[in-house]
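In terms of our numbering, the sequence shown opens at residue 47 and continues consecutively. Built from N, CA and C at the ideal position, the CB exists for glycine as well. As the structure is a prediction and not an experimental result, all values here were calculated from the model.
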Amino acid sequence: MKRFIIFALALAAFACSTKNELTPGSWLGVIQMDSIPGRLDVPFNFEVINDNGKVQLTVRNADELIAITEVEHMGDSLLAKFPTFTSELVMAINDSMSGYYYPKGVKDGRRYKFYALKGETDRFPWFKEQPKFNVTGRWWFVENPGTADSTVMVAELKQDGSRVIGTILSTTGDYRYLEGKVAGNMFYFSKCDGAQSIIVRGEITDSTTMGNGLISGSPRWVSAWRAMRDDKAQLPEAQSLVWVRKGYTTFEFAGTDLNGNRVTSNDERFKGKVLAVLAGGSWCPNCLDEGRFYKTMYEKYRGRGFEVVSLCFEDKTFEAAQPKIKRFAQSIGADYTFVYVAPRGREQRDSVLYALEGKMAYPTSMILDRNGKIRRVETGFSGPGTGEHYQKFARETEELIVELLEEK
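Right under this line is the structure:
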């Protein structure tokens, strides 16, 4: 009821405010993924900057800042396009905001109600109680416990006062930058980065246990969870989850680049090169972090014979996929090769990545030496939001690239 009243006040302020103005400063956005107010609300913080009529929104999730620079006027509304991905916000332009969030873009049609509160910096302002627990540390995080769909993950949390930042790691990647708070004995976490909008909440039973949890990224994905503190909690190495199929040592691919030209692994640009093969898609948030990492490696080592190719699993046709892949590549600033290979799907992925087997996810990567031999395979990606995990991956991967470049 409290949150419904806040939403109503936001709409009232919207009705009374001056049209065609968007006030600069701090805002709290709320995506309502369920018809019941508060059940699946996803709050996120953002700043509005208005530079001589040029509006920009900067979304904050923990340490990540996302600049939304594609902002267009549509009559008395504002269309804001998240970078990299296809999600869009359509908002009435007033001192208060209300409108809709389109997770796959306006053209897709699927939408959730959205509103924003001006001047609010608390991510969960509805919950004021002082924290009774400190959740800093590692936790076994079990989604759908006690069911056939049970998934064991690791949550890494850092609490300062009531504010909590961190992430949840799985064998297929991480949930990137999450932010929230502890209020009383309740735990709240959320993110909105254009690829995913996620809400996590639960009850802190004692200093070592959390339960009665809910995690959701859409009305179709609503799961229970529980967590147990264990500062030694650790997932299996990504390289142990997927491997080269018996009888294979090399890998070949073929597809269509962004200009509509056919590209194969036998092209001159790849011959005699150390090659990183990245299998993913423009819709994949972990692929974004992976792409940014390999962009850095490519710029650093391309002069010594290092190449990168991104095998993109997207829409059913190249024509539909091409603008999405192009947007993804431009947002990363990557100058390496992007190739459309197949529609998104397990069968298509397994067919393209024929030389591999195991528990594959998006992204899955291979590093090939100058002779085309597969020297390392990994599935999933733990990005910079995972701290030491990402740093370890980055260090070991760069060492491998240098080692292969120096091989004769």
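Since residue i and residue j are thought to touch, with beta carbons under 8 Å apart, how far apart are those beta carbons, to the nearest angstrom?
i    : j    : result
T432 : L215 : 6 Å
L402 : V288 : 6 Å
R222 : T254 : In fact, because the Cβ distance is near 26 Å, the residues do not count as touching under 8 Å.
E225 : M343 : Wrong, their Cβ atoms sit about 29 Å apart, outside the cutoff.
T347 : I447 : Sequence inspection shows Tyr at residue 347; the Thr mentioned does not correspond to that position. Yes, they are in contact, since the Cβ atoms of Y347 and I447 sit about 6 Å apart, within 8 Å.
N96  : P70  : 5 Å
Indicate the three-state DSSP secondary structure (helix, strand or coil) for residue i in the structure shown.
i    : result
F359 : strand
M232 : strand
L321 : strand
G306 : coil
Y147 : strand
K341 : helix
V34  : Any question about residue 34 goes unanswered here, given that the chain covers just 47 to 454.
G349 : helix
N107 : strand
D87  : strand
T217 : coil
F364 : helix
L451 : helix
K405 : coil
L55  : Note that L55 has pLDDT 42, beneath the 50 cutoff, so the model's placement of it is unreliable and the number below is only indicative. Helix.
Using the Cα positions of residue i and residue j, report the straight-line distance between them to the nearest angstrom.
i    : j    : result
N180 : V76  : 26 Å
G219 : N332 : 6 Å
Y146 : L281 : 38 Å
V136 : S123 : 7 Å
L334 : F364 : 20 Å
I371 : T251 : 45 Å
E283 : P149 : 32 Å
D241 : S72  : Note that residue 241 is Ala in the sequence shown, not Asp. Cα-Cα distance, rounded: 22 Å.
V94  : F235 : 23 Å
E110 : Q102 : 16 Å
N91  : C358 : 31 Å
T383 : E249 : 47 Å
V354 : V323 : 6 Å
V88  : L451 : 46 Å
Y436 : S428 : 6 Å
V210 : R106 : 14 Å
V320 : K362 : 31 Å
G418 : F352 : 12 Å
F316 : G212 : 39 Å
E360 : Y340 : 20 Å
H119 : G404 : 48 Å
S397 : A367 : 19 Å
P369 : D277 : 44 Å
A54  : G121 : Only weak support is given to the placement of A54: the predicted model assigns it a pLDDT of 45, under 50, and the value that follows is read from those uncertain coordinates. Answer to the nearest angstrom: the Cα atoms are 23 Å apart.
K454 : T197 : 44 Å
Any heavy atom of the ligand PLP within a distance shorter than 6 Å of the CB on residue i?
i    : result
L215 : Absence of the ligand PLP from the depicted structure is noted, as is the absence of any ligand whatsoever, leaving it without description.
By alpha-carbon positions, which one of the options ends up nearest to residue i?
i    : options                   : result
L439 : A279, K278, P129 and R422 : Looking at the sequence provided, one finds Phe at residue 439 rather than Leu. Nearest C-alpha to F439: R422.
K153 : E116, V355 and S133       : S133
Y158 : I378, Q78 and D303        : Q78
R266 : K278, Q285, G248 and S243 : S243
Q285 : T69, A113 and E442        : E442
S356 : E453, K178, F299 and N190 : F299
R247 : D396, T296 and F170       : F170
A113 : F131, L399 and T167       : F131
K237 : V398, R350, N417 and L86  : L86
G151 : I139, W329 and T295       : W329
P83  : R291, L68, F316 and F160  : F160
G165 : G99, I245, R392 and L74   : L74
E336 : A138, G379, N190 and P70  : G379
L399 : T296, A279, A138 and K127 : T296
P191 : K127, G207, S208 and M256 : M256
S208 : T193, K178, D195 and T217 : K178
> Can at least three beta-carbon pairs, one atom from the segment 170-188 and one from the segment 201-214, be found at a separation below 8 Å?
Replying inline: Three or more Cβ pairs drawn from the segment 170-188 and the segment 201-214 lie within less than 8 Å of each other, which places the two stretches in contact.
>> Between the segment 311-318 and the segment 263-274, can you find at least three pairs of beta-carbon atoms closer than 8 Å?
In response: The segment 263-274 makes no contact with the segment 311-318: fewer than 3 CB pairs, one atom from each, lie closer than 8 Å.
>> Across the segment 413-427 and the segment 375-387, are there enough close Cβ pairs to call them in contact, namely three or more that are closer than 8 Å?
In response: Here the segment 413-427 makes no contact with the segment 375-387; the two share fewer than three CB pairs at distances below 8 Å.
>> Contact between the segment 222-233 and the segment 167-182 is defined here as three or more beta-carbon pairs at a separation below 8 Å; is this criterion met?
In response: The segment 222-233 vs the segment 167-182: in contact.
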